[in-house]
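Protein chains in written order, with our numbering: chain X, 181 to 292; chain H, 372 to 485.
Think of the CB as a built atom: it goes at the ideal place given N, C-alpha and C, for glycine as much as any other residue.
Working notes, beginning with the structure itself.
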């Protein structure tokens with residue numbers, strides 16, 4: 181069962197505009213959420229995270245929003261740049277559990 | 372600064388053959404993980420090791436074995452490869468004993484089982 185879902189396999193935006201990537205989860209025990217970015221032929225790299233005690237975390241152009249009641253989180257990239265073109269994975273974990281669950285990923289393309 | 376290093380990067384096996392994927396990290400991390408990535412499935416945890424000397428099953432452990440050789444190294448073994456194990460395998464590590472921290476991934480190992 182996929183406990184973390186990214187329902188949009190792909191997203192295309194224009195350079196300079198906002199990119200919004202969405203993620204839903206089903207396990208109410210998840211209390212820590214992360215976004216990873218992956219370029220072709222490379223491993224995923226950590227982008228930004230948020231604890232369940234917060235509803236927003238910002239790091240430069242990247243902001244993650246968490247809506248616990250809806251079991252939904254989103255990643256906003258403003259402004260989007262061509263170098264942001266990659267696959268973005270949403271991930272979640274529960275407390276000290278090492279079993280971090282990943283979504284299927286969303287391929288973002290930022291057009292110049 | 373190598374980070375997480377996996378070998379081999381590519382491997383083709385015949386059904387029934389065995390092989391071991393090697394992983395080493397130089398960040399003095401306590402926890403290490405093996406994931407597989409399949410189209411439309413994201414990354415799924417195969418096994419993890421929260422600390423040296425311990426290993427635990429993840430979401431999809433069947434058909435695999437692991438060894439935490441020391442703090443640096445964590446290997447994944449396929450005893451009798453099957454076509455369903457065709458995938459890209461990622462090793463990862465993290466600092467703490469819990470998983471509330473970022474994972475550092477290797478570049479991946481692409482395995483094809485014919």
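- Boundaries of the beta strand (DSSP E) harbouring residue 239(X): 236–239, taken from the DSSP string.
- Residue 451(H) and residue 390(H) have their C-alpha atoms some 8 Å from each other.
- Along the segment 432–455 of chain H, none of the residues has a CB nearer than 9 Å to a CB of chain X.
- Taken in chain order, the complete beta strand (DSSP E) segments of 3 residues or longer contained in the segment 215–270 of chain X are 225–231, 236–239, 242–247, 252–257.
- Check the Cα spacing between residue 216(X) and each of 230(X), 208(X), 206(X), 210(X): the tightest is with 230(X).
- For residue 290(X), the enclosing beta strand (DSSP E) stretches over residues 286–291.
- The way I'd put it, the segment 392–412 of chain H does touch the segment 456–466 of chain H; three or more beta-carbon pairs between them come closer than 8 Å.
- Cβ-Cβ distances below 7 Å link residue 200(X) to 254, 256 in the same chain, with the five nearest sequence neighbours on each side left out; the list follows chain order.
- Per the Cβ contact rule, the segment 373–382 of chain H is not in contact with the segment 273–288 of chain X (fewer than 3 Cβ pairs under 8 Å).
- Interface residue (Cβ-Cβ distance to chain H less than 8 Å): residue 224(X) is classified as such.
- Chain X has a Cβ within less than 8 Å of the Cβ of residue 411(H).
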